[in-house]
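Whatever position you read off the sequence shown (first residue = 1), add 3 for our numbering. A quick write-up on the structure given underneath.
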Amino acid sequence: FLFRLWLNELAAENLDLAGQIHIFNSFFYKKLNKKDLDEGYRSVQSWTSTVDIFDKKLIIVPINENMHWYLAIIYYPEYILVPPAQHGLPFDLNNNDHQYVYLTFLLVFILDSLGEEHPKVGTVLSKYLQAEAKDKKSVENPRQARYKNLTVPTQPNFCDCGIYLIHFAQVFV
């Protein structure tokens with residue numbers, strides 16, 4: 004709910020930027036993350052029937068596991084379809100020194116205020132994007148996404164993860 008409210012407020016300020024963002028429902032990852040990934044994809048396949056996620060710049064995926072919220076952000080999902088331009092897009096992977104790298108692949112960023120790593124999330128979302136590319140774009144051999152756990156501020160307790168979740172999305176955008 005808070006993500007929708009935030010996106011509506013963002014749209015009032017900057018409609019173009021808000022239009023480049025898709026936020027999945029908080030149940031999306033839970034439905035997608037099945038032992039059989041094909042079954043998981045089928046359970047969420049219709050969730051993008053009215054939106055082309057490959058036209059978006061960012062896809063925000065709120066995730067709740069073991070009573071803890073964390074965030075996955077898919078950066079330029081179209082990169083799973085075709086490689087970006089020769090030099091890719093600049094992205095600062097280390098905010099401290101502002102040394103930019105040029106992305107030539109799709110990245111899934113994982114932001115967890117408890118500092119945990121979630122390699123399975125990167126794999127599940129990569130497989131989802133590949134299935135979506137095959138289904139909605141008829142791409143036979145979509146590329147694979149990579150994931151990166153970002154170092155983010157950690158919460159001092161076990162109850163503030165929702166606030167951190169919203170904050171991370173706002174700062175990332």
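Ideal Cβ positions, reconstructed from N, Cα and C, are used throughout, including at glycine.
Alpha carbon to alpha carbon, what distance is there between residue j and residue i?
| i | j | result |
| --- | --- | --- |
| F57 | Q158 | 33 Å |
| K38 | Y167 | 29 Å |
| W72 | L110 | 20 Å |
| V124 | N17 | 30 Å |
| L40 | F31 | 13 Å |
| Q133 | N144 | 8 Å |
| T126 | A172 | 21 Å |
| S46 | K130 | 14 Å |
| A15 | T53 | 22 Å |
| I2 | H121 | As displayed, the chain neither begins before 4 nor continues past 176, which places residue 2 out of reach and without an answer. |
| V85 | V142 | 9 Å |
| Q89 | A136 | Confidence at Q89 is low in this model, with a pLDDT of 48, below 50, so its placement is unreliable and the value that follows should be read with caution. Computed Cα separation, rounded: 22 Å. |
Would you grab the beta carbon distance between residue i and residue j for me? Rounded to a whole angstrom, and I think it's under 8 Å.
| i | j | result |
| --- | --- | --- |
| P65 | S29 | 5 Å |
| I77 | L128 | 6 Å |
Of all the options the options, which has the alpha carbon lying nearest to the alpha carbon of residue i?
| i | options | result |
| --- | --- | --- |
| Y150 | L74, L117, N11 | L74 |
| N69 | L84, L117, W50 | L117 |
| F27 | I62, Q133, T53 | I62 |
| Q23 | T53, K59, S49, G43 | K59 |
| S49 | E120, I113, N11, K139 | K139 |
Could you have a look at residue i and say whether DSSP puts it in helix, strand or coil?
| i | result |
| --- | --- |
| L35 | helix |
| R146 | coil |
| N11 | helix |
If I measure Cβ to Cβ from residue i and keep anything under 8 Å in the same chain, skipping five residues before and after, which residues do I get?
| i | result |
| --- | --- |
| I169 | L5, F6, W9 |
| C164 | H71, W72, Y73, S116, L117, Q158 |
Is residue i close to chain C, meaning its C-beta is less than 7 Å from at least one C-beta of that chain?
| i | result |
| --- | --- |
| S46 | Annotation note: the requested chain C is absent from the structure, which comprises a single protein chain. |
Less than 6 Å between C-beta atoms, sequence neighbours within five positions excluded: which residues of the same chain meet that for residue i?
| i | result |
| --- | --- |
| R146 | I83 |
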